[in-house]
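Heads up, the sequence shown is in this note's numbering, so the first residue is 15 and it goes up one at a time. Where is the CB? At the ideal position from N, CA and C, for every residue including glycine. Bear in mind the structure is a predicted one, so any value in this text is a computation, not a measurement. Report on the following structure.
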Amino acid sequence: MIILAATPIGNLGDASRRLIEVLENAEIVAAEDTRTTQRLLRALEIENRPRLIALHDHNEKHKAAELVALAAEQDIVVVSDAGMPAVSDPGYALVAEAVAQGVTVTAIPGPSAVLMALAISGLPTDRFTFEGFLPRKPGERRSTLRALAAEPRTMVFFESPARLASALTDMGAAFGEDRRIAVCRELTKFYEEVRRGTAPELAKWAEAGVKGEIVVVVEGGARVETSPEDAVAQVQQLVASGIRLKDACAEVAAATGLSSRDLYQQALAARSQ
């Protein structure tokens, strides 16, 4: 069996009794960083010293089959450095392989930076989407944000402290400067902080330098009805700025709800006129 075990995202007091019990009895633990897991075992005063196997972004694909074969015979506990494995952390490829091989997968629920940030953000919680980390390259990040401009659900992102100010600036450009945003920092830790405001306000604050783990929660947008003609004009503007026609159609389709295929065909027809 594969056991995905959620670990504390900062405060060790959030470690559940189930997590401690499983770690106390584990024979094999697949860990994102074995050194971090060793520190966690010591901090939780767990005397058990299971066999630790590194499972990270760089080796997960070729380790998955090996670990699933082991899991067919005995339990393997999977942990990331913080939070639930497989959610913006290693684990997905392992779970997919286990499912394909008919090996049971279960989880020990626990702390979640995504749900905690959403709950304390002050933004709508009834419907939301988790977008993970934005692309590192500025052009790709802006393209991703433009495609999300009309997303009606509350959006949750992870972001690096070093890129937070530029990401917030790009959010203001893509979503509009009045969109409500909450930046949640160091959740469950001593210096936990939530800053709420608009993209320009928060970008100015972040420019001074921010430390720690960051979760950004963004208010969803109100979808604006766009005519096919206006949508094609938007596609043409994006193409003129250097974006490929296919990608431009996908962005405008996501923002307007129109068909990407129809926009592509209409844009091609407009070119020939």
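Helix, strand or coil at residue i according to DSSP, with G and I counted as helix
{"i": "Ala262", "result": "helix"}
{"i": "Ile67", "result": "strand"}
{"i": "Val224", "result": "coil"}
{"i": "Leu18", "result": "strand"}
{"i": "Ile122", "result": "strand"}
{"i": "Met358", "result": "Residue 358 is absent from the structure shown; the chain starts at 15 and stops at 287."}
{"i": "Thr50", "result": "helix"}
{"i": "Gly27", "result": "helix"}
{"i": "Phe204", "result": "coil"}
{"i": "Val170", "result": "strand"}
{"i": "Ala40", "result": "coil"}
{"i": "Ala131", "result": "helix"}
{"i": "Val117", "result": "coil"}
Cβ-Cβ separation, residue j to residue i (assumed contact under 8 angstroms), whole Å
{"i": "Met192", "j": "Thr212", "result": "According to the sequence provided, residue 192 is Asp. The question's Met does not apply to it. Indeed they touch by this definition, with Cβ atoms about 6 angstroms apart."}
{"i": "Glu200", "j": "Glu221", "result": "About 19 angstroms; that fails the 8 angstroms criterion."}
Residues bridged to residue i (per DSSP)
{"i": "Gly271", "result": "According to DSSP, Gly271 bridges with nothing at all."}
{"i": "Ala45", "result": "Ala68, Val93"}
{"i": "Met185", "result": "Note: Met185 sits in no beta bridge, so no partner."}
{"i": "Gly211", "result": "Ile195"}
{"i": "Gly146", "result": "Phe171"}
Check whether residue i and residue j have beta carbons under 9 angstroms apart
{"i": "Thr143", "j": "Val170", "result": "yes"}
{"i": "Glu38", "j": "Ile60", "result": "yes"}
{"i": "Pro99", "j": "Ala20", "result": "yes"}
{"i": "Val128", "j": "Ile17", "result": "no"}
{"i": "Phe172", "j": "Gly146", "result": "yes"}
{"i": "Ala107", "j": "Ala78", "result": "yes"}
Other residues of its chain near residue i: CB distance less than 6 angstroms, five sequence neighbours each side excluded
{"i": "Ala269", "result": "Ala163, Ala164"}
{"i": "Arg141", "result": "Arg167"}
{"i": "Glu233", "result": "Leu137, Arg193, Arg194"}
{"i": "Val119", "result": "Ile16, Val109, Ala112"}
Same chain only: Cβ atoms within 7 angstroms of residue i, ignoring 5 sequence neighbours per side
{"i": "Ala245", "result": "Val266, Thr270, Leu272, Leu277"}
{"i": "Gln248", "result": "Val266"}
{"i": "Pro175", "result": "Val224, Lys225, Gly226, Ile228"}
Closer than 8 angstroms: residue i CB and nearest the ligand GDP heavy atom
{"i": "Met98", "result": "In the structure on display, the ligand GDP does not appear, and there are no ligands present to speak of."}
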